[in-house]
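Asks: This is the structure I want to talk about, given as structure tokens.
In this note's numbering, the protein residues as written are 16 to 382.
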């Protein structure tokens, strides 16, 4: 299914909201609020809407795949199933690879297995809830395996065990270590409920790699290996994602120990982060990160959303410099060739049992 543009976005949201709001004027106000996003670039950058609201529910983690970008689109539910695997091309065209009725909800990250990971090269490994709904989010998470060469068949690879008496719930991200890394060619995944980073091997061993001190560091969120592959960078938050009071990007070594001062910190809530490639203007090699701001989940449908999400770059001294503002809940970013893509779930209505395709993807370029 392909849907394009603001007109299509308004049409789709109109159908979904009409049954809920009888008053036409109230419904129109809500539609306009959800599809109207005012993004603003800081000096030195430009920003444009690549995929406008109306096509994606809650776009989360993005992974380059050939000439397209694959992402997990959380938010759509069908019974106990939910989420979709989506492909987006460089022009913002959207296509569905796996529909929601085949998947346990991929409410966290995923990655594509390298050829060195057993016989699973090219398959999708996704950190997922066992079923749809907020209660399942607090249960042990699973790793789903999706095989594109076998009709996108879906199976459970393993279950992340509890740690220190707490379930491996509210997972956030999953990533494979780079080839030749001292991290051993494993998949790493985070649970923000028990503050643990897990390691997963090709022989289906899923076990804790490190459990972070909740008071000192907080819960692990997004992961990214350093460019040299010798350390694992982790976005953490004290208080958890629902009541954050301080966030950082820390460096974890192969022995599980945290090394050095944080690369960046904020009083708010970091989402994901990535390094700018060569050719991205004068910013090549710099770290870029999203700041979610106030995370609206659950949020009443009629409540105004706060456009307090931002994208920053991190200077060598660790200072945050504004890149773009006006986002609502920008959880993920990824450099795609010579531009920066930012996925924003917009209003996260899923816990209120509202399925609205109000998420979007923006594209940032250097001037």
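We put the beta carbon where it would ideally sit given N, CA and C, even for glycine.
Between the alpha carbons of residue 136 and residue 92, how many angstroms are there, rounded?
Replies: The residue you call residue 136 lines up with position 121 of the chain shown. The residue you call residue 92 lines up with position 77 of the chain shown. About 29 Å.
Asks: Taking the alpha carbon of residue 131 as the reference point, which residue from 148, 202 and 104 has its own alpha carbon closest?
Replies: Mapped onto the chain shown, residue 131 falls at position 116. Answer by Cα proximity: 202.
Asks: Tell me, please, whether the stretch 209-229 touches the stretch 169-177 by the rule of three or more beta-carbon pairs shorter than 8 Å.
Replies: Yes: at least three Cβ pairs fall under 8 Å.
Asks: Distance check for residue 225 and residue 306, CA to CA, integer angstroms please.
Replies: In the chain shown, counting from the first residue as 1, residue 306 sits at position 291. In the chain shown, counting from the first residue as 1, residue 225 sits at position 210. One C-alpha to the other measures close to 25 Å.
Asks: At what residue ranges does the stretch 202-253 contain a whole run of the beta strand (DSSP E), taking only runs of 3 or more?
Replies: Runs found: 202-206, 211-215, 221-226, 234-240 and 247-252.
Asks: Checking 8 Å against the spacing of the C-beta atoms, do residue 379 and residue 326 come in under that value?
Replies: Here residue 379 refers to the residue found at position 364 of the chain shown. Here residue 326 refers to the residue found at position 311 of the chain shown. Cβ distance < 8 Å, so residue 379 and residue 326 count as in contact.
Asks: Would you check if the distance between the CB atom of residue 300 and the CB atom of residue 324 is smaller than 8 Å?
Replies: Position 285 of the chain shown holds residue 300. Position 309 of the chain shown holds residue 324. No, the Cβ-Cβ distance between residue 300 and residue 324 is not below 8 Å.
Asks: Can you tell me the Cα-Cα spacing of residue 71 and residue 349, whole angstroms?
Replies: Here residue 71 refers to the residue found at position 56 when the chain shown is read from its first residue. Here residue 349 refers to the residue found at position 334 when the chain shown is read from its first residue. Each residue's Cα considered, the two are about 17 Å apart.
Asks: Is the distance from the Cβ of residue 100 to the Cβ of residue 108 below 8 Å?
Replies: Position 85 of the chain shown, counted from the start, is the residue given in the question as residue 100. Position 93 of the chain shown, counted from the start, is the residue given in the question as residue 108. No, they are not a contact pair.
Asks: For the structure I just gave you, are there three or more beta carbon pairs, one from the stretch 144-154 and one from the stretch 162-170, closer than 8 Å?
Replies: In short, these stretches do not touch, since the Cβ pair count stays below three.
Asks: The beta strand (DSSP E) with residue 264 in it runs from where to where?
Replies: Walking along the chain shown from the start, residue 264 turns up at place 249. Counting along the chain, the beta strand (DSSP E) containing residue 264 begins and ends at 262-267.
Asks: Near residue 261, what residues of its chain come up, given a Cβ to Cβ distance below 8 Å and the 5 sequence neighbours on each side ignored?
Replies: Taking the first residue of the chain shown as 1, we reach residue 261 at position 246. If we look at residue 261 and ignore the five residues flanking it on each side, its Cβ neighbours are 233, 252, 253, 254, 280, 281 and 282.
Asks: Have a look at residue 376 and residue 195 and give me their C-alpha separation to the nearest angstrom.
Replies: The residue given as residue 376 occupies position 361 in the chain shown. The residue given as residue 195 occupies position 180 in the chain shown. Approximately 33 Å, taken between the alpha carbons.
Asks: Pick from 333, 110 and 145: whose alpha carbon is nearest that of residue 94?
Replies: Here residue 94 corresponds to residue number 79 of the chain shown, with the count starting at 1. Closest option to residue 94, Cα to Cα, is 145.
Asks: In angstroms with no decimal places, state the Cα-to-Cα distance between residue 96 and residue 257.
Replies: Counted from its first residue, the chain shown places residue 96 at position 81. Counted from its first residue, the chain shown places residue 257 at position 242. Taking the straight line from one Cα to the other gives about 24 Å.
Asks: Taking only runs of the beta strand (DSSP E) that begin and end inside the stretch 333-373, which ones reach a length of at least 3 residues, in chain order?
Replies: You should have 335-342, 347-351 and 354-359.
Asks: Relative to the C-alpha of residue 185, which candidate in 193, 157 and 192 has its C-alpha closest?
Replies: Here residue 185 is taken as the residue at index 170 of the chain shown, counted from 1. Residue 185 has its Cα closest to that of 157, out of 193, 157 and 192.
Asks: Give the DSSP bridge partners of residue 170, in chain order.
Replies: Residue numbering aside, residue 170 sits at position 155 when the chain shown is read from its first letter. For residue 170, which the question treats as bridged, DSSP gives the partners 160.
Asks: Decide if residue 199 is buried, meaning its Cβ has at least 16 other Cβ atoms within 10 Å, or exposed.
Replies: What you label residue 199 is simply residue 184 of the chain shown in a count that begins at 1. Label assigned to residue 199: exposed.
Asks: Based on the DSSP output, what are the partners of residue 281 in its beta bridges?
Replies: Taking the chain shown and counting its residues from 1, the one referred to as residue 281 is at position 266. DSSP output for residue 281 lists 262 as bridge partner(s).
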